[in-house]
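Protein sequences appear in the order of chains Y and S.
Under the numbering used here, the first sequence is numbered contiguously, ending at residue 294.
Under the numbering used here, the second sequence is numbered contiguously, ending at residue 1234.
A short worksheet on the structure shown next.
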Amino acid sequence: MADFMQQVVAGLASGSIYASLALALVLIHRATGVINFAQGEMATLSTYIAWTLTTNHGWGYWPAFVFTLIVSFLGGAAIHQGVIRPNEKGSVLRVVIVTIGLLLAINGLVTLIWSGEVRAVKSPFPTRTVDVGGVAISIQDIGTIGVVVATVVVLWFLLQYTKLGLAMRAAATNPGEARLVGVRVTWMLSLGWGLAAVLGAISGMLAAPSVFLDPNLMAALLIYAFAAAVLGGIDSPVGAVVGGLTLGVGLNLLGTYVDFVGADLRLPGALLVILVVLLVRPSGVFGRREVRRV
Amino acid sequence: MTLLALEDVEARYGPVQALRGVALEVPEGAIVAVLGANGAGKTTTLRAVSGTVRWSGRITFAGKALGGGPESVARAGIAHVPEGRGTFTELTVNENLRLGAYTRRVRSLQADIDRMAQWFPWIPERAGQQAGTLSGGEQQMLALARALMARPRLLMLDEPSLGLAPMIVREIFRIVRELNEQEGLTVLVVEQDARIALQAASDAYVLEVGRVAVSGPSEELRENESVRRSYLGY
Chain Y
1 MADFMQQVVA GLASGSIYAS LALALVLIHR ATGVINFAQG EMATLSTYIA
51 WTLTTNHGWG YWPAFVFTLI VSFLGGAAIH QGVIRPNEKG SVLRVVIVTI
101 GLLLAINGLV TLIWSGEVRA VKSPFPTRTV DVGGVAISIQ DIGTIGVVVA
151 TVVVLWFLLQ YTKLGLAMRA AATNPGEARL VGVRVTWMLS LGWGLAAVLG
201 AISGMLAAPS VFLDPNLMAA LLIYAFAAAV LGGIDSPVGA VVGGLTLGVG
251 LNLLGTYVDF VGADLRLPGA LLVILVVLLV RPSGVFGRRE VRRV
Chain S
1001 MTLLALEDVE ARYGPVQALR GVALEVPEGA IVAVLGANGA GKTTTLRAVS
1051 GTVRWSGRIT FAGKALGGGP ESVARAGIAH VPEGRGTFTE LTVNENLRLG
1101 AYTRRVRSLQ ADIDRMAQWF PWIPERAGQQ AGTLSGGEQQ MLALARALMA
1151 RPRLLMLDEP SLGLAPMIVR EIFRIVRELN EQEGLTVLVV EQDARIALQA
1201 ASDAYVLEVG RVAVSGPSEE LRENESVRRS YLGY
């Protein structure tokens, strides 16, 4: 039982990393109507910035963390203004292709600057474990979960309870109407891209200590995040979080207790989730099918 | 005083010219109706004013030239309720109202929301309901309430009667008329239902293929032979 609980907590920790990246995908899907394939690479770039600050410039972990979030926010908004917005009037496919181009460009840029070398990243949390009722829980897992929970709460408050958040939701769901009430829709969408970049940066920085940092850091994570977002419903922020945690715990338990799954079949497991959800319930568990009376 | 004036306004959708030199005036404190058949350019006239369609010519609002996108027009004090309700269907009734007041910088909207509850008594009990689940009539009223939350100097209504039962249409026009009488709200309304529009409005313009064909005080238009035959049907 203790072992089981330990695996659940470890699953929640990796699940919260998926959830954070999935939330980024959902924010952008709501704002721009596309899957941002570059989300993972944007997060990798952010993680490298944090790594450089701590390793080469002697910054403390948390100052570097906060600074990276600010840079990521500005970068995300700038990508929207500079690259996405000029293509938004075109077809959805056009924007999708632009994000794939961004993926390649950022991956190339990261390799160019930092080379493909694999780097170890220090964790901000001690590697000790604490004993909670006979269950040994790693502090790093608790810290990871804590950071993501705090992020989600802040984001939820922003979107649900502030005027700015309301305007962002209005701009995302109904841009034409939003303009008529005076919302500057383009700014709101840029803000959404900025926040998505922040969420991605958080997932990248939290993931790096346990999987090492290289230019393809986020490649597999992006698949997990897709699976989480699809499972929860690609338009539902709540769904992304629940989907991420469910996927993290589920895959971890499968990997631990089902012999033939092991560590190798985790990624195909995530792909299977994507496939099954799209076939059985394309709107996801929390996705709303349009409710409208005419 | 003239609040809104259009002079020689033209607009096109690609190759289709929708407005061919429209001129009209809305005096402050009046209800003015724009009538006409489908495709005459009624909706486009409102869209030109709110900046949701590209236009040329001259539009002045409160003595200043109007231009820029819909965001700036909204900030200038014009609230546009577009054709087909115009609510944020995925947001709640309360959120729709709060968005209506987006351009205003005020601490609390409670007084305004209470005021809306006086005009639309069903609003408080539905405050947390998703707007898309309201009936068509309620959505139209919510769109109206949302526009009023901005405390606009000019309210533009596009076909408020569209797809609604006659009783609800009368109710909506009654509210618009009372708002006009009690609060001096200026209204520019586009309507297919000429009869009810002419009852509410002091002046009206009849559009035909992108031009003003006839205009004048509502009583005169009601007596006008061709208007009666074409739009009132008697």
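Glycine included, C-beta positions come from ideal geometry on N, C-alpha and C.
Note that the structure is a prediction, hence the values are computed from the model and not measured.
Just mark residue i as buried or exposed, buried being the case when its beta carbon has 16 or more other beta carbons within 10 Å.
| i | result |
| --- | --- |
| Ala1040(S) | buried |
| Gln1110(S) | exposed |
| Ile1031(S) | buried |
| Asn56(Y) | exposed |
| Glu1219(S) | exposed |
| Ser1226(S) | exposed |
| Lys1042(S) | buried |
| Pro1124(S) | exposed |
| Met218(Y) | buried |
| Arg128(Y) | exposed |
| Arg292(Y) | Any reading at Arg292(Y) must be qualified, since the residue scores a pLDDT of 48, below 50, and its modelled position is unreliable; the value itself is stated next. Flag for Arg292(Y) reads exposed. |
| Gly134(Y) | exposed |
| Tyr1102(S) | buried |
| Trp51(Y) | buried |
| Gly1128(S) | exposed |
| Gln1118(S) | exposed |
| Gly90(Y) | exposed |
| Phe260(Y) | exposed |
| Asn36(Y) | buried |
| Asp1203(S) | buried |
| Met42(Y) | buried |
| Leu1003(S) | buried |
| Thr162(Y) | exposed |
| Gly239(Y) | buried |
Beta-carbon of residue i versus every beta-carbon of chain C: anything under 7 Å?
| i | result |
| --- | --- |
| Leu199(Y) | Among the protein chains of the structure shown, namely Y and S, there is no chain C. |
Please list the partners that residue i has in chain Y, where partner means a Cβ-to-Cβ separation under 8 Å.
| i | result |
| --- | --- |
| Thr1103(S) | Val181, Gly182 |
| Ser1108(S) | None at all; the shortest Cβ gap to chain Y is about 12 Å. |
| Glu1259(S) | In the structure as shown, chain S starts at 1001 and stops at 1234, and residue 1259(S) therefore has no counterpart that could be examined. |
| Gly1086(S) | Glu177, Leu180 |
| Ala1074(S) | Arg179, Leu180, Val181, Gly182 |
Can you find the residues in the same chain that come closer than 8 Å, C-beta to C-beta, to residue i, ignoring five residues on each side of it along the sequence?
| i | result |
| --- | --- |
| Ala220(Y) | Leu267 |
| Met1116(S) | Leu1097, Ile1123, Ala1145, Leu1148, Met1149 |
For residue i, go through chain Y and note every residue whose CB falls closer than 9 Å to its CB, in chain order.
| i | result |
| --- | --- |
| Ala1150(S) | Val181, Gly182 |
| Phe1061(S) | Chain Y residues near Phe1061(S): none, gap ~15 Å exceeds 9 Å. |
| Gly1100(S) | Val181 |
Name the chain Y residues that come within less than 7 Å of residue i, Cβ to Cβ?
| i | result |
| --- | --- |
| Gly1069(S) | Arg179 |
| Ser1050(S) | Leu180 |
| Glu1090(S) | Thr173 |
| Glu1208(S) | The premise fails here: Glu1208(S) is roughly 27 Å from chain Y at the closest Cβ pair, so nothing lies under 7 Å. |
| Glu1095(S) | Leu166 |
Given residue i, which residues of its chain have a CB within under 7 Å of its CB, disregarding the five upstream and five downstream residues?
| i | result |
| --- | --- |
| Ser14(Y) | Gly248, Asn252 |
| Pro1152(S) | Gly1077, Ile1078, Ala1079 |
| Ser123(Y) | Gln140, Pro209 |
| Val277(Y) | Val230, Leu231, Gly284 |
| Val280(Y) | none |
| Gly204(Y) | Ala43, Thr44, Ser46, Thr47, Leu217, Met218 |
| Val83(Y) | Val98, Leu102 |
Note down, in chain order, each residue of its chain lying with its Cβ closer than 6 Å to the Cβ of residue i, except the 5 sequence neighbours on either side.
| i | result |
| --- | --- |
| Glu1005(S) | Looking at the sequence shown, residue 1005(S) is not Glu but Ala. Excluding sequence neighbours, Ala1005(S) sits near Glu1025, Thr1060. |
| Val1009(S) | Leu1019, Val1022, Ala1048, Trp1055, Gly1057 |
| Ser72(Y) | Ser46, Ala197, Val198, Ala201 |
| Ala1011(S) | Ala1018, Leu1019, Thr1044, Ala1048, Val1053, Trp1055 |
| Ala208(Y) | Thr47, Val121 |
| Ala31(Y) | Ala172, Leu189, Gly192 |
| Gly165(Y) | Leu158, Leu159 |
| Pro126(Y) | Ile139 |
| Asn1161(S) | The question names Asn, yet the displayed sequence has Ser at residue 1161(S). Cβ neighbours of Ser1161(S) beyond the five flanking positions: Val1169, Asp1193. |
| Ser1072(S) | none |
| Tyr1231(S) | Leu1035, Ala1194 |
| Gln81(Y) | Ser190 |
| Pro1141(S) | It is worth fixing the name first, because residue 1141(S) is Met in this sequence and not Pro. So the list reads Phe1120, once near-sequence residues are dropped. |
| Asn1094(S) | Ala1127 |
**Report entry** Where the stretch 142-174 of chain Y meets chain S: residues whose CB sits under 8 Å from a CB there
**Finding:** Lys163, Leu166, Ala167, Arg169, Ala170, Thr173, Asn174
Report task. Kindly confirm or deny that the stretch 1056-1068 of chain S and the stretch 136-147 of chain Y touch, where touching means at least three C-beta pairs closer than 8 Å. Result -> no
Query - Contact residues within the stretch 175-186 of chain Y, judged by C-beta distance below 9 Å to chain S - result: Gly176, Glu177, Ala178, Arg179, Leu180, Val181, Gly182, Val183, Arg184, Val185
Query raised in the report: Counting pairs of Cβ atoms below 8 Å between the stretch 1145-1156 of chain S and the stretch 1165-1174 of chain S, do you hit three or more?
Result: no
Query raised in the report: Any residues in the stretch 1141-1173 of chain S with a beta carbon nearer than 8 Å to a beta carbon of chain Y? Which ones, in chain order?
Result: Arg1146, Ala1150, Gly1163
Report task. Quick one: which residues of the stretch 1117-1136 of chain S get their C-beta closer than 9 Å to a C-beta of chain Y? List them in chain order. Result -> Gln1130, Gly1132, Thr1133, Leu1134, Ser1135, Gly1136
Query raised in the report: Taking three-plus beta-carbon pairs below 8 Å as touching, is the stretch 222-236 of chain Y in contact with the stretch 273-288 of chain Y?
Result: yes
Query raised in the report: Counting pairs of beta carbons, one from the stretch 1087-1095 of chain S and one from the stretch 166-174 of chain Y, are three or more of them closer than 8 Å?
Result: yes
**Report entry** Given 8 Å, three or more beta-carbon pairs between the stretch 1176-1185 of chain S and the stretch 1204-1216 of chain S
**Finding:** no
Query raised in the report: Okay, do the stretch 68-83 of chain Y and the stretch 175-184 of chain Y touch, 3+ Cβ pairs below 8 Å being the bar?
Result: no
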